[in-house]
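Following the working numbering, the numbering of the sequence shown begins with 21 at its first residue and continues without gaps. All C-beta atoms, glycine included, are put in the ideal place defined by N, C-alpha and C. Given the structure is predicted, the values throughout are model-derived calculations rather than measurements. Shown next, in structure tokens, is the structure this report addresses.
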Amino acid sequence: MRIDRYLPHRNLVTEHLYEGSGPDGDNYLKLTVPRALIVDKVMIVRDKDGVEATSTCQVAVPLNYLCTAGSEITVWAGTPQERRTKVIAAARAEYSAATPNHATLYCE
21 MRIDRYLPHR NLVTEHLYEG SGPDGDNYLK LTVPRALIVD KVMIVRDKDG
71 VEATSTCQVA VPLNYLCTAG SEITVWAGTP QERRTKVIAA ARAEYSAATP
121 NHATLYCE
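Structure follows, in structure tokens:
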């Protein structure tokens with residue numbers, strides 16, 4: 021099943037994938053996500069170390085755009101609400117053929 025119809029936001033998310041630190045600071049690879057579902061909602065999640073953290077935004081993306089905790093993303097890119105935020109946790113959701121597979125990024 022195609023996930024595109026479940027992801028209404030087009031080109032509003034940019035991933036900045038953490039590649040490590042160098043002499044000039046942190047290095048990121050920039051990718052634009054063609055389709056996503058952005059939900060601005062406050063909720064408590066556990067970060068990669070198991071500590072409770074507050075997530076103010078959740079972003080559903082196709083599985084091939086799953087990024088790791090510590091990466092940064094820009095949500096609502098190109099709009100007045102644009103902001104760059106850090107990914108606290110990421111979760112894969114793989115289901116049967118009736119429901120599309122996706123990843124959810126939980127952001128600060």
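Under the three-state reduction of DSSP output, residue 121 falls in the coil class, being neither helix nor strand.
Residue environment analysis places residue 85 among the buried positions, since at least 16 neighbouring C-beta atoms fall within 10 angstroms of its C-beta. Of all C-beta pairs linking the stretch 43 to 55 to the stretch 110 to 117, fewer than three are shorter than 8 Å, placing the two stretches out of contact. Looking only at 111, 120, 106, the smallest Cα-Cα distance to residue 33 is reached by 106. Beyond the five residues adjoining it in sequence on each side, residue 27 comes within less than 7 Å, by CB distance, of 55, 56, 57, 80 in the same chain, given in chain order. Under the three-state reduction of DSSP output, residue 115 falls in the coil class, being neither helix nor strand. When only Cα atoms are considered, residue 101 and residue 94 end up about 10 Å apart. Counting only unbroken stretches of 4 or more residues, no alpha helix (DSSP H) element lies wholly within the stretch 61 to 120. Rounded to the nearest angstrom, the gap between the Cα atoms of residue 37 and residue 59 is 21 Å.
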